[in-house]
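Counting the sequence shown from 1 gives a position; my numbering is that position plus 4. Below is one structure, written out as structure tokens; comments come after it.
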Amino acid sequence: MADDNQAGTTPEAGAAPAMNLVGQYIRDLSFENPDAPASIMLGSGQPTFNVSISVGVKKQSDDIYAVELTLNAKATRETKVLFNVELVYGGVFRLQNIPEAQLSQLLMIECPRLIFPFARQVLAGVTQQGGFPPLMMEPVDFSAIYRQNLATLAAKQQAEGGATTPEDSKPN
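As structure tokens, this is what we get:
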């Protein structure tokens with residue numbers, strides 16, 4: 005006869021951790037080509053690119069979170085701006101039965117990792133439609149960004165005379 009409580013299962017088996025991507029959206033998209041059409045003409049020298057990325061989290065309800073990536077990319081040649089693009093791309097996630105200790109890492113690392121390829125595709129398409137080669141961003145190490153933000157927070161709090169823990173970086 006089979007054992008009703010098999011090894012590795014607990015009575016709370018229905019409370020298994022779960023993460024679902026409910027939907028994705030563009031909250032803000034801006035593309036500027038201030039020197040068009042001259043900017044798309046072949047110029048001398050390679051353009052310089054400056055790309056930045058940030059992650060924001062907003063709690064929507066008990067188990068629903070909006071995770072947004074803000075991507076800024078600017079291309080210049082000499083002193084002229086070729087293009088400037090800003091994208092705020094978000095995903096709505098349902099997180100159920102996630103331990104508090106893991107919630108921050110899940111929201112700041114795994115959720116952005118899942119939606120980044122879609123945001124990168126939007127940037128590539130917009131720059132291409134703006135008359136330039138598609139901007140293909142390299143994959144992003146969201147774990148490194150998370151650790152850097154924790155270190156910055158710890159340094160700030162230490163300078164203010166307070167202690168810090170990973171819980172101090174919990175999403176709002």
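Yeah, the Cβ is synthetic: ideal placement off N, Cα and C, and Gly gets one too. This one's a predicted model, so the numbers in the text were calculated from it and none came from an experiment.
For residue j and residue i, believed in contact at Cβ under 8 Å, the rounded distance
i      : j      : result
Gly129 : Pro138 : 7 Å
Leu127 : Leu91  : 6 Å
Phe146 : Pro116 : 5 Å
Endpoints, the alpha helix (DSSP H) within which residue i is located
i      : result
Val144 : From DSSP, Val144 is part of no alpha helix (DSSP H); its letter is neither H nor E.
Gly129 : Cys115 to Gln133
Cα-Cα separation, residue i to residue j
i      : j      : result
Ser65  : Gln162 : 32 Å
Asp172 : Glu104 : Low confidence applies here, because Asp172 scores a pLDDT of 48, under 50, leaving its location unreliable; read the following figure in that light. Taking the straight line joining both Cα atoms gives about 12 Å.
Tyr69  : Ala148 : 22 Å
Glu164 : Leu111 : 27 Å
Leu86  : Val55  : 14 Å
Asp67  : Gly49  : 50 Å
Ala20  : Phe53  : 44 Å
Gly134 : Leu33  : 13 Å
Leu154 : Lys160 : 10 Å
Thr156 : Val71  : 21 Å
Gly12  : Val26  : Because the pLDDT of Gly12 is 43, which lies under 50, any placement of that residue in the model is unreliable, and the number read from its coordinates should be weighed accordingly. Approximately 30 Å between the Cα atoms of the pair.
Lys63  : Gly95  : 12 Å
Asp39  : Ala158 : 43 Å
Ala22  : Gln106 : 12 Å
Gln132 : Pro41  : 14 Å
When the options are compared against residue i, the one with the closest alpha-carbon
i      : options                          : result
Asn24  : Leu110, Leu99, Ala148 and Asp145 : Leu99
Ser108 : Arg151, Ser43, Ala123 and Asp39  : Arg151
Thr83  : Val59, Tyr93 and Pro51           : Pro51
Proximity below 8 Å, CB of residue i to CB of residue j
i      : j     : result
Ile119 : Gln28 : yes
Val144 : Ile57 : yes
Glu36  : Asn88 : yes
Where the beta strand (DSSP E) through residue i begins and ends
i      : result
Glu104 : Per DSSP, Glu104 belongs to no beta strand (DSSP E); it is in the alpha helix (DSSP H), Glu104 to Gln109.
Gly27  : Ala22 to Glu36
Thr52  : Thr52 to Lys63
Asn88  : Lys84 to Gln100
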